[in-house]
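Visitor:
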DNA sequence: GCGAAATGTTGACAGTGTCAACACAAAAAG
DNA sequence: CTTTTTGTGTTGACACTGTCAACATTTCGC
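Residue numbers (the working numbering), protein chains in the order written: chain A, 1 to 216; chain B, 217 to 432.
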């Protein structure tokens with residue numbers, strides 16, 4: 001059967017369900033996302049989703065994936081519009097990341113919550129991995145021009161990702177509807193740029209942090 | 217009436233419920249936390265919790281708070297055992313943070329999930345804020361010895377916190393039961409130490425990241 | 001056209017959070 | 001010491017949820 005362009009009973013319901021779910025989440029939060037409500041909003045009955053998804057969990061994963069796709073698109077346009085050099089690219093990426101989190105709060109949360117729950121399956125790269133690859137390539141670019149310290153690119157990218165992600169979460173928890181103030185972003189970018197700069201040579205691993213005093 | 221030491225009908229049930237909840241979460245995950253189950257585990261009936269908590273949400277907040285208390289204790293002992301200087305203190309803090317997240321996965325997750333949901337009330341500092349204050353004081357110490365760039369201490373602490381938190385989350389998502397490998401921790405600490413070091417002077421805020429190319 | 005598969009609907013069930021009504025113990029009031 | 005009031009735990013009930021089996025309808029392969 002052809003899946004392309006509105007056909008069959010309802011049309012391509014799967015996509016509609018995902019989009020409807022996203023809308024519900026953004027409007028009333030994840031807690032309000034119920035299969036019944038999705039059905040009503042999509043003009044379809046409660047259990048219709050079970051012909052396209054194995055469970056509610058599965059639907060949430062799909063919603064998460066759709067979120068990541070949007071996220072990656074944002075990332076890509078931001079990359080295209082960013083100033084040429086490495087610092088500009090990294091900065092643009094970071095800003096886009098945090099801004100996305102603040103603009104699409106519920107969506108952002110669901111994205112990572114669902115991604116966390118989905119370990120066993122998921123052989124395909126997935127939109128999330130693709131976005132990460134983008135960051136990795138930026139870092140690699142910096143390494144090639146000598147603006148980033150040499151070493152395991154993936155590890156460095158992980159660190160940078162973690163930093164930006166942590167910032168986003170914190171920002172989400174703190175500022176309610178806040179736009180981003182430039183001073184904050186500047187500081188964040190600087191920490192990154194300096195932190196992974198040439199100066200940060202691996203060097204010998206220092207003595208592991210252990211208890212230096214005796215237990216009483 | 218006296219609340220101290222096992223008295224009354226059951227003893228001090230409130231504490232028991234929180235601890236039971238923690239156990240259930242650690243054993244079977246957050247999804248398995250049901251008021252009924254807590255009741256059974258605590259030898260009490262399903263709705264007993266409603267004499268001590270307004271709702272399940274409220275109980276979760278209490279569990280989160282208890283988690284933060286444990287977290288802060290870990291932090292404090294780690295501080296006490298850390299080498300004296302600023303780098304050693306910061307490193308110890310970061311390691312303790314990430315290690316806590318990996319050792320108490322479910323607990324850690326619940327801690328921050330519940331903290332996020334609890335905005336309106338919560339006038340008291342809360343264990344989480346206390347832990348943050350500890351980090352802040354470490355940073356301030358670094359600033360006083362000149363090992364950390366001058367500037368808004370709270371902002372810097374936020375950045376550092378976000379970094380460590382992001383790392384923890386990522387580590388949680390990636391490694392299943394993994395212990396921490398020293399190379400990774402070393403890199404993480406270095407990024408922090410160098411990133412917030414003297415070199416990172418605030419300087420003039422650069423032109424905000426904007427679209428540099430025209431739209432086609 | 002026809003059987004088979006895909007897709008959507010209804011009824012039902014176990015499990016959940018929550019509340020009102022009740023039962024009892026402990027403290028307070030007399 | 002008795003009575004009253006408050007704190008604490010239990011039971012019954014309700015609306016709501018995710019999920020499945022059984023049924024209805026549409027589309028596809030032949």
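Just so it is clear, CB atoms sit at the ideal spot from N, CA and C, and this is done for glycine as well.
Hey, quick one: how far does the alpha helix (DSSP H) through residue 296 (chain B) stretch, first residue to last?
Guide: 272–297 is the extent of the alpha helix (DSSP H) around residue 296 (chain B).
Visitor: Using CA atoms only, rank isn't needed, just tell me which of B:238, B:356, B:232 and B:388 is closest to residue 369 (chain B).
Guide: Cα-wise, what sits closest to residue 369 (chain B) is B:356.
Visitor: Beta carbons nearer than 7 Å to chain A: which residues of the region 270–291 of chain B have them?
Guide: Listed by position, the residues of the region 270–291 of chain B near chain A (Cβ gap below 7 Å) amount to none.
Visitor: Step through the CB atoms of chain A and report whether any lies within less than 9 Å of the CB of residue 320 (chain B).
Guide: No, because no Cβ of chain A sits closer than 9 Å to the Cβ of residue 320 (chain B).
Visitor: In angstroms, rounded to a whole number, what distance separates the CA positions of residue 397 (chain B) and residue 403 (chain B)?
Guide: If you take the alpha carbons of residue 397 (chain B) and residue 403 (chain B), they lie about 10 Å apart.
Visitor: Hey, how far is the Cα of residue 327 (chain B) from the Cα of residue 21 (chain A)?
Guide: One C-alpha to the other measures close to 27 Å.
Visitor: From residue 418 (chain B) to residue 360 (chain B), what distance separates their C-alpha atoms?
Guide: Note that residue 418 (chain B) has pLDDT 44, beneath the 50 cutoff, so the model's placement of it is unreliable and the number below is only indicative. Cα-Cα distance, rounded: 17 Å.
Visitor: Using a Cβ-Cβ cut-off of 9 Å, state whether residue 230 (chain B) counts as contacting chain A.
Guide: False, the Cβ-Cβ gap to chain A never drops below 9 Å.
Visitor: Measure how close the beta-carbons of residue 380 (chain B) and residue 310 (chain B) come, nearest whole angstrom, since I'm counting them as under 8 Å.
Guide: About 5 Å; that satisfies the 8 Å criterion.
Visitor: Closest by CA to residue 128 (chain A), which one among A:99, A:147, A:161 and A:50?
Guide: Answer by Cα proximity: A:161.
Visitor: Please check the pair residue 298 (chain B) and residue 288 (chain B), which I expect to be a contact at CB under 8 Å, by giving their CB distance rounded to whole angstroms.
Guide: That belief does not hold up - the Cβ atoms of residue 298 (chain B) and residue 288 (chain B) are roughly 15 Å apart, past 8 Å.
Visitor: Relative to chain A, which residues along the region 350–367 of chain B have a C-beta separation below 8 Å, given in chain order?
Guide: Answer in chain order: 367.
Visitor: Would residue 400 (chain B) pass as an interface residue toward chain A - the criterion being a Cβ-Cβ separation below 9 Å?
Guide: Yes, because at least one Cβ of chain A sits closer than 9 Å to the Cβ of residue 400 (chain B).
Visitor: Determine the closest residue to residue 189 (chain A) out of A:97, A:109 and A:38, with distance taken between C-alpha atoms.
Guide: The candidate whose alpha carbon is nearest that of residue 189 (chain A) is A:97.
Visitor: Between residue 324 (chain B) and chain A, is any beta-carbon pair separated by less than 9 Å?
Guide: No, because no Cβ of chain A sits closer than 9 Å to the Cβ of residue 324 (chain B).
Visitor: For residue 11 (chain A), does the count of other Cβ atoms within 10 angstroms reach 16, so buried, or fall short, so exposed?
Guide: The residue is exposed, with fewer than 16 neighbouring Cβ atoms inside 10 Å.
Visitor: Alpha carbon to alpha carbon, what distance is there between residue 14 (chain A) and residue 100 (chain A)?
Guide: Their backbone Cα atoms lie some 25 Å apart in a straight line.
Visitor: Kindly indicate the opening and closing residues of the alpha helix (DSSP H) around residue 353 (chain B).
Guide: Residues 342–360.
Visitor: If residue 279 (chain B) and residue 234 (chain B) are in contact, beta carbons under 8 Å, what's the gap, nearest whole angstrom?
Guide: The pair is a contact, with the Cβ atoms about 5 Å apart (cut-off 8 Å).
Visitor: I want to verify the contact list: residues of chain A whose CB lies under 9 Å from the CB of residue 404 (chain B), in sequence order.
Guide: Going along chain A in sequence order, the residues near residue 404 (chain B) (Cβ under 9 Å) are 159 and 162.
Visitor: Comparing the C-beta of residue 372 (chain B) with each C-beta of chain A, is any distance below 9 Å?
Guide: Chain A, which has a Cβ nearer than 9 Å to the Cβ of residue 372 (chain B), makes this yes.
Visitor: Count the other CB atoms within 10 Å of the CB of residue 244 (chain B); is the residue buried (16 or more) or exposed (fewer)?
Guide: Exposed, by the Cβ-count rule.
Visitor: Taking only three categories from DSSP, how would you classify residue 226 (chain B)?
Guide: Three-state DSSP puts residue 226 (chain B) in coil, outside helix and strand.
Visitor: Looking only at its own chain, which residues have a Cβ that is under 6 Å from the Cβ of residue 283 (chain B), when we skip the five neighbours before and after it?
Guide: Cβ within range, chain order: 323 and 327.
Visitor: Is the Cβ-Cβ distance between residue 158 (chain A) and residue 388 (chain B) less than 9 Å?
Guide: The answer is no: Cβ separation not under 9 Å.
Visitor: Nearest chain A C-beta to residue 385 (chain B) closer than 9 Å, yes or no?
Guide: Cβ-Cβ to chain A under 9 Å: yes for residue 385 (chain B).
Visitor: Ordered along the chain, which non-local residues of its own chain (more than five positions away) have a Cβ less than 8 Å from that of residue 240 (chain B)?
Guide: Hits under 8 Å: 248, 249, 253, 254 and 257.
Visitor: Mind checking which residues open and close the alpha helix (DSSP H) that includes residue 96 (chain A)?
Guide: Start and end: 86–103.
Visitor: Can you give me the C-alpha to C-alpha distance between residue 59 (chain A) and residue 102 (chain A), rounded to a whole angstrom?
Guide: The alpha-carbon atoms of residue 59 (chain A) and residue 102 (chain A) are separated by roughly 23 Å.
Visitor: Can a CB atom of chain A be found closer than 9 Å to the CB of residue 251 (chain B)?
Guide: For residue 251 (chain B), the answer is no, since every Cβ of chain A falls outside 9 Å of its Cβ.
Visitor: Could you check how far apart the C-beta atoms of residue 131 (chain A) and residue 79 (chain A) are, in whole angstroms? I think they sit under 8 Å.
Guide: Going by Cβ atoms, the distance from residue 131 (chain A) to residue 79 (chain A) rounds to 11 Å, so no, they are not a contact pair.
Visitor: Taking all protein chains shown into account, decide if residue 259 (chain B) is buried (16 or more other Cβ within 10 angstroms of its Cβ) or exposed.
Guide: That one is exposed.
Visitor: What is the rounded straight-line gap between the Cα of residue 190 (chain B) and the Cα of residue 86 (chain A)?
Guide: Here chain B covers residues 217 to 432 and nothing more, so residue 190 (chain B) does not appear.
Visitor: Counting only beta-carbon separations shorter than 9 Å, does residue 85 (chain A) have a partner in chain B?
Guide: Chain B, which has no Cβ nearer than 9 Å to the Cβ of residue 85 (chain A), makes this no.
Visitor: Label residue 308 (chain B) either buried or exposed according to how many other C-beta atoms from any shown protein chain fall within 10 Å of its C-beta, with 16 as the threshold for buried.
Guide: Buried, because 16 or more other Cβ atoms sit within 10 Å of the Cβ of residue 308 (chain B).
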